[in-house]
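>
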Amino acid sequence: MNPLSDRASSCYPDGLMPTRRAFLRTLGAAAAAAGASAPAISTAAQGRKADEPIPGFPPGGFPDGSTRMNFNENPLGPSKKVIDAVLENGLDESNRYNYIDPLVEAIARHHAIPEHNVLVGCGSTEFLQFTPWAFLGDGGSIVLPTPSYGWSAGVAEAMGRQAIRVPLGEGGVIDTAAMKKAIRSDTRMVYLANPNNPTGAPISRDEIVSLIRALPGGAVLIVDEAYHDFLPDGDGSLELVRQDAPVLVLRTFSKAYGIAGLRLGYAVAGESVLEKVRTVWWGDFGINTAALIAGPAALADQAHVRRYVALIDKGLEQLRSGLRELGITPLPHRAPFFMADFGVATNPLVRSLQDRQIFVQPGAKWGMPTFMRISVGTSRDNEVFLDAIRALRV
Ligand SMILES: Cc1ncc(COP(=O)(O)O)c(C=O)c1O
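Residue 105 in the numbering used here sits at position 105 of the sequence shown, and the numbers go up by one each step.
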């Protein structure tokens, strides 16, 4: 196994990397579903020796001053208003279990949807992790594009279900026709990310609707909108929930709102979908006190989101034009990350960047060895990255 791709393997390969972790977490979910207490999971049980680095993190953590362009994080950081709110109100009552209704209300108000259409969770990962238990518990398959964000597919496989991976089309776009062909009568989940991670390609509302029409009865389409701020139609697939389509839309506070470390996400769906998801949902246990306070404060500061989107758009231009000058071909899509084709295997280059404390993702982990996935950083991060590429390519 390539030591580099093994090391930089978080955020996340196509269903492969999460599998082991997914499997172990699903042990917990299965036990919880059965009313038993979840087993404690030791490092050894995770298949990792105590002294081995956590996948995706350099040994000892990221050195101070690292240029971190590998996890699609928000380079602006959290809104100052969010930090103030958490510091002022977030911690005094952390001896108490949380009452999540005000958070749910704030999200529902923000989208002008009824509160009963919203479930909040410990990042959108809570839903990616547990939804397979709701829809594939009795059997069935999941269909998803590849490469994409394969978390639920990893869980499905750990449950012994089949994940049917449909290769992306030209330019890294989701091949809707091939996805529809792959859907079988036993398919219970179809997953897509819009825009897709790692390629950044969007999928149109019409194509999503055509996928919904291809679903067998009882199946759900998960539309993961972690990066929806970069979609042309803004509102993403929430409109489909309003029309009572069998979709589960996932949103996160980790990206535009810049609070990945506070772990807050939510799912929006109609009642027939949510009644299944509720059977595996963590309820108010998925939400920590700081996230409970941070969520409404983040929603109230849309100016912060606009600054983030503007920073990313500018950074995309800066990075792409810098790479093009070097004869490197970036994919054209709008997302807070992009893939670029270097024309040669990028693993050695990613390793050399890492030696300079610049972190990006090698395309090899998604079966695209000549590509690199670069998360847009601040203009300074972007320049540090471009300077290093210039130096390393001579
Ligand atoms: C497409 C996609 N979905 C979900 C997530 C996880 O988000 P969260 O932090 O809300 O668990 C990520 C993280 O990078 C992602 O890229």
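For each residue, glycine too, the CB sits at the ideal point set by N, CA and C.
In the DSSP assignment, the alpha helix (DSSP H) including Arg278 goes from what residue to what residue?
Where Arg278 is concerned, there is no enclosing alpha helix (DSSP H), given that its DSSP letter is neither H nor E.
> Give the straight-line distance between the Cα atoms of Trp366 and Asn89, rounded to the nearest whole angstrom.
Each residue's alpha carbon lies about 42 Å from the other.
> Quick test of your reading: Phe338 and Ile328, contact by CB under 8 Å. State the CB separation rounded to the nearest angstrom.
The Cβ separation is near 11 Å, so there is no contact.
> For Ala108, which residues from the same chain have a beta carbon less than 6 Å from its beta carbon, with the 5 sequence-adjacent residues on both sides left out?
Result list for Ala108: Glu115, Val118, in chain order.
> Roughly how many angstroms lie between the CA atoms of Ala269 and Leu136, to the nearest whole one?
Cα-Cα distance, rounded: 18 Å.
> Within 10 angstroms of its Cβ, does Asn95 collect 16 or more other Cβ (buried), or is it exposed?
Exposed, because fewer than 16 other Cβ atoms sit within 10 Å of the Cβ of Asn95.
> Are the CB atoms of Met372 and Val344 within a distance shorter than 8 Å?
Result no, Cβ atoms of Val344 and Met372 do not sit closer than 8 Å.
> Report the rounded CA-to-CA distance for Thr168 versus Val190, giving the unit in angstroms.
Inspection of the sequence shows that residue 168 is occupied by Leu rather than by Thr. Roughly 15 Å separates the two Cα atoms.
> Near Arg242, what residues of its chain come up, given a Cβ to Cβ distance below 8 Å and the 5 sequence neighbours on each side ignored?
So the qualifying residues of the chain are Ile113.
> What residue does the beta strand (DSSP E) around Ala245 start on, and which one ends it?
Neither: Ala245 is in no beta strand (DSSP E) and is coded neither H nor E.
> Among Pro75, Val305, Pro362, whose alpha-carbon lies nearest the alpha-carbon of Lys81?
Per the Cα distances, Val305.
> In whole angstroms, what separates the C-alpha of Trp133 from that of Glu225?
Those two C-alpha atoms are separated by around 21 Å.
> On a Cα-Cα basis, can you pick out the residue from Asp64, Phe127, Val104, Tyr227 that is closest to Asp313?
It is Tyr227.
> Measuring CB to CB, does Ala291 end up less than 8 Å from Arg251?
It is not a contact, given that the beta carbons lie outside the stated cut-off.
> Got a sec? Which residues, its chain only, sit under 6 Å from Leu299 by beta carbon, not counting five neighbours each side?
Here the set comprises Ala106, His110.
> To which residues of the same chain is Gly315 closer than 7 Å at the C-beta, ignoring the five residues directly before and after it?
The answer, listed in chain order, is Val376, Gly377, Ser379, Asn382.
> DSSP three-state call for Arg320: helix, strand or coil?
If DSSP states are grouped into helix, strand and coil, Arg320 belongs with the helices.
> Would Lys255 be called buried (16 or more neighbouring beta carbons within 10 Å of its own) or exposed?
With 16 or more other Cβ atoms within 10 Å, it is buried.
> From the DSSP output, in three-state form, read off Glu52 for me.
Residue placement at Glu52 cannot be trusted, given a pLDDT of 47 that sits under 50; what the coordinates show is reported in the next sentence. Of the three classes helix, strand and coil, the one that applies to Glu52 here is coil, per DSSP.
> In the DSSP output, which residue or residues are listed as bridge partners for Phe338?
Ile374.
> Do Ser254 and ligand 1 come close, with the Cβ less than 7 Å from some heavy atom?
Under cutoff, so the answer is yes.
> Count the other C-beta atoms from every protein chain shown that fall within 10 angstroms of the C-beta of Leu326, then say buried if there are 16 or more, exposed otherwise.
With fewer than 16 other Cβ atoms within 10 Å, it is exposed.
> Identify every residue that forms a DSSP beta bridge with Ser141.
Its beta-bridge partners are Gln162, Thr187.
> Find the nearest neighbour of Tyr266 within the set Ser79, Asp84, Leu103, judged by alpha-carbon distance.
Considering only alpha carbons, the answer is Leu103.
> With a cut-off of 8 Å, do at least 3 Cβ pairs link the region 139-156 to the region 194-204?
Touching, yes.
> Which whole-angstrom value describes the C-beta separation of Thr176 and Leu248, a residue pair presumed to lie in contact below a C-beta threshold of 8 Å?
Not a contact, Cβ separation roughly 18 Å.
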